[in-house]
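First comes the structure, then the notes that go with it.
Structure (structure tokens):
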């Protein structure tokens with residue numbers, strides 16, 4: 001059972017919160033096949049931390065951003081990390097912003113998404129200046145982390161054109177985010193390719209299409225398979241009861257990393273159309289997860 005961190009006062013840029021120290025409150029933890037269990041911390045504009053790490057400029061870079069109440073040690077982050085390191089040679093960078101996304105301060109965490117997104121963008125710009133092209137960077141965010149990924153992409157635009165190669169949003173957070181304002185949430189404008197997996201649509205996760213490719217496994221809504229009361233009654237934790245369908249997004253994605261064609265998808269306007277066999281034809285098969293593509 002993962003411990004849940006609670007802060008007595010939020011860290012947020014306001015007179016009511018504790019001040020934010022971005023260098024201390026936002027960590028970049030590197031894992032590679034040479035240090036799969038022990039992270040190496042990288043710092044913005046710190047060449048020595050980069051040179052002395054196992055970061056390999058030849059390998060693709062995956063950046064994972066956790067959600068509300070989580071840390072870089074949470075199951076979402078560690079499961080996705082381990083899947084990539086099992087798959088091959090990657091630079092896996094876990095962004096830890098747990099002091100800015102702690103219980104019970106959800107509204108403060110929502111505000112902090114922009115702060116963290118801007119700082120992550122600065123870090124990726126720094127890596128780019130050291131020979132790591134943004135075309136080899138894939139950001140994956142779960143829940144609030146997906147919204148952070150969107151703000152990262154916004155801060156990496158060249159004019160109106162996105163520079164970031166790919167963002168994958170795993171059930172992007174819905175509460176306090178508006179559908180209409182694409183500048184205040186993850187959208188297809190934030191990377192060259194944005195794919196989204198919806199598993200708790202309309203509850204904790206964003207319900208509408210916000211990427212270039214949006215996947216709705218099992219209709220995209222609760223309850224996802226294995227999340228009914230009969231399945232989780234022996235797992236009595238608050239997290240299991242409330243977040244089960246929400247968390248299915250990162251579980252599906254992690255499974256796809258080493259089974260990339262395991263989640264074939266059909267293009268449909270509605271879930272009901274799929275159920276009755278009334279989907280569009282002629283588009284070929286798309287795949288949810290790591291194999292998703294703009295084709």
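Numbering (UniProt numbering), first residue to last: 1 to 295.
Using N, Cα and C, we set each Cβ at its ideal position, and we do this for glycine too.
The structure displayed is predicted, hence computed values, not measured ones.
Quiz item: Can you name, in chain order, every residue of its own chain whose Cβ lies under 6 Å from the Cβ of residue 254, other than the five neighbours on each side?
Solution: Mapped onto the chain shown, residue 254 falls at position 254. Here the set comprises 79, 80, 83.
Practice problem: Keeping to the same chain, check which residues put their C-beta closer than 6 Å to that of residue 156; ignore five residues upstream and five downstream. | Solution: Here residue 156 is taken as the residue at index 156 of the chain shown, counted from 1. Hits under 6 Å: 121, 163, 164.
Quiz prompt | N-terminal and C-terminal residue of the beta strand (DSSP E) that residue 61 is part of | solution = Counted from its first residue, the chain shown places residue 61 at position 61. Boundaries of the beta strand (DSSP E) harbouring residue 61: 61-65, taken from the DSSP string.
Quiz item: Thinking just about the alpha-carbon of each residue, which of 75, 216, 17, 54 is nearest to the one in residue 64?
Solution: Reading the chain shown from its first residue, position 64 is the one you call residue 64. Ranking the options by Cα distance to residue 64, first place goes to 75.
Quiz item: Taking 6 Å as the cut-off, does the CB of residue 195 come closer than this to any heavy atom belonging to the ligand GDP?
Solution: The model on display carries no ligand, and the ligand GDP is accordingly not part of it.
Self-check item: Reduced DSSP secondary structure (H/G/I, E/B, other) of residue 266
Solution: Sequence index remark: in the chain shown, residue 266 carries index 266 (1-based). In this structure, residue 266 counts as coil in the three-state DSSP scheme.
Self-check item: Contact check, residue 108 vs residue 147, beta carbons under 7 Å
Solution: As a first step, residue 108 is located in the chain shown; it is residue number 108 there, counting from the start. As a first step, residue 147 is located in the chain shown; it is residue number 147 there, counting from the start. Between residue 108 and residue 147, the CB-CB gap reaches or exceeds 7 Å.
Exercise. Measure how close the beta-carbons of residue 101 and residue 69 come, nearest whole angstrom, since I'm counting them as under 8 Å.
Key: What you label residue 101 is simply residue 101 of the chain shown in a count that begins at 1. What you label residue 69 is simply residue 69 of the chain shown in a count that begins at 1. Right, their Cβ atoms sit about 7 Å apart.
Quiz item: Would you call the CB atoms of residue 93 and residue 30 closer than 7 Å?
Solution: Within the chain shown, numbered from 1, the residue matching residue 93 stands at position 93. Within the chain shown, numbered from 1, the residue matching residue 30 stands at position 30. Yes.
Quiz item: beta strand (DSSP E) containing residue 184: first to last residue?
Solution: If you number the chain shown from 1, residue 184 lands on position 184. Secondary structure note for residue 184: it is in no beta strand (DSSP E), with a DSSP letter that is neither H nor E.
Quiz item: Would a C-beta distance cut-off of 7 Å place residue 167 and residue 191 closer than the cut-off?
Solution: Here the question's residue 167 lines up with position 167 in the chain shown. Here the question's residue 191 lines up with position 191 in the chain shown. The Cβ atoms of residue 167 and residue 191 lie closer than 7 Å to each other.
Self-check item: First and last residue of the uninterrupted alpha helix (DSSP H) at residue 84
Solution: Position 84 of the chain shown, counted from the first residue, corresponds to residue 84. According to the DSSP assignment, residue 84 belongs to the alpha helix (DSSP H) that extends over 75-87.
Quiz item: Going by DSSP, which residues form a beta bridge with residue 161?
Solution: Locating residue 161 in the chain shown gives position 161, counting from the first residue. Bridge partners of residue 161: 158.
Quiz item: Exposed or buried, which one is residue 160 when buried takes at least 16 other CB atoms within 10 Å?
Solution: Here residue 160 corresponds to residue number 160 of the chain shown, with the count starting at 1. The residue in question, residue 160, is exposed, as its Cβ has fewer than 16 Cβ neighbours within 10 Å.
Quiz item: Pick from 182, 47, 260, 21: whose alpha carbon is nearest that of residue 97?
Solution: Taking the chain shown and counting its residues from 1, the one referred to as residue 97 is at position 97. Nearest C-alpha to residue 97: 21.
Self-check item: DSSP bridge partner residues for residue 18 (one or two, in chain order)
Solution: For the purposes of this step, residue 18 is taken as the residue at position 18 of the chain shown. BP columns for residue 18 point to 11.
Quiz item: Tell me, which residues are paired with residue 40 by DSSP?
Solution: Reading the chain shown from its first residue, position 40 is the one you call residue 40. DSSP lists 30 as the beta-bridge partner residues of residue 40.
Quiz item: Counting along the chain, where does the beta strand (DSSP E) carrying residue 275 start and finish?
Solution: Here residue 275 is taken as the residue at index 275 of the chain shown, counted from 1. It is not in any beta strand (DSSP E) - residue 275 instead sits in the alpha helix (DSSP H) that spans 271-275.
Quiz item: What are the boundary residues of the alpha helix (DSSP H) that includes residue 123?
Solution: Position 123 of the chain shown, counted from the first residue, corresponds to residue 123. DSSP places residue 123 inside the alpha helix (DSSP H), whose first and last residues are 106-129.
Practice problem: Please name the residue, chosen from 222, 49, 67, 199, that lies closest to residue 126 on a Cα-to-Cα basis. | Solution: Taking the chain shown and counting its residues from 1, the one referred to as residue 126 is at position 126. Comparing Cα-Cα distances from residue 126 to each of 222, 49, 67, 199, the minimum goes to 49.
Quiz item: Straight-line CA distance for residue 289 to residue 13?
Solution: Along the chain shown, one-based indexing puts residue 289 at 289. Along the chain shown, one-based indexing puts residue 13 at 13. Rounded to the nearest angstrom, the two C-alpha atoms are 35 Å apart.
Quiz prompt | DSSP-derived helix/strand/coil call for residue 98 | solution = Here residue 98 is taken as the residue at index 98 of the chain shown, counted from 1. Taken through DSSP and simplified to helix, strand or coil, residue 98 comes out as helix.
Self-check item: Member of 88, 177, 280 whose CA lies at the smallest distance from the CA of residue 62
Solution: Here residue 62 is taken as the residue at index 62 of the chain shown, counted from 1. Ranking 88, 177, 280 by Cα distance to residue 62 puts 88 first.
Quiz item: By Cβ distance below 7 Å, which residues in the same chain neighbour residue 301 in space, the five residues on each side in sequence not counted?
Solution: Residue 301 lies beyond the range of the chain shown here (1 to 295); nothing can be said about it.
Self-check item: Rounded separation between residue 175 and residue 286 - CA only
Solution: To locate residue 175, count along the chain shown from 1; it is residue 175. To locate residue 286, count along the chain shown from 1; it is residue 286. Near 29 Å, if we compare the C-alpha coordinates of residue 286 and residue 175.
Quiz prompt | Exposed unless 16 or more other CB atoms sit within 10 angstroms - verdict on residue 86 | solution = As a first step, residue 86 must be located in the chain shown, where it is residue number 86. With a threshold of 16 other beta carbon atoms within 10 Å, residue 86 falls short and is exposed.
Quiz item: For residue 18, which residues of its own chain have a beta-carbon under 6 Å away from its beta-carbon, when the five flanking residues on both sides are left out?
Solution: Start at 1 with the first residue of the chain shown, and residue 18 comes out as number 18. Only residues of its own chain outside the window of five on either side were considered, and among them 9, 11 have a CB closer than 6 Å to the CB of residue 18, listed in chain order.
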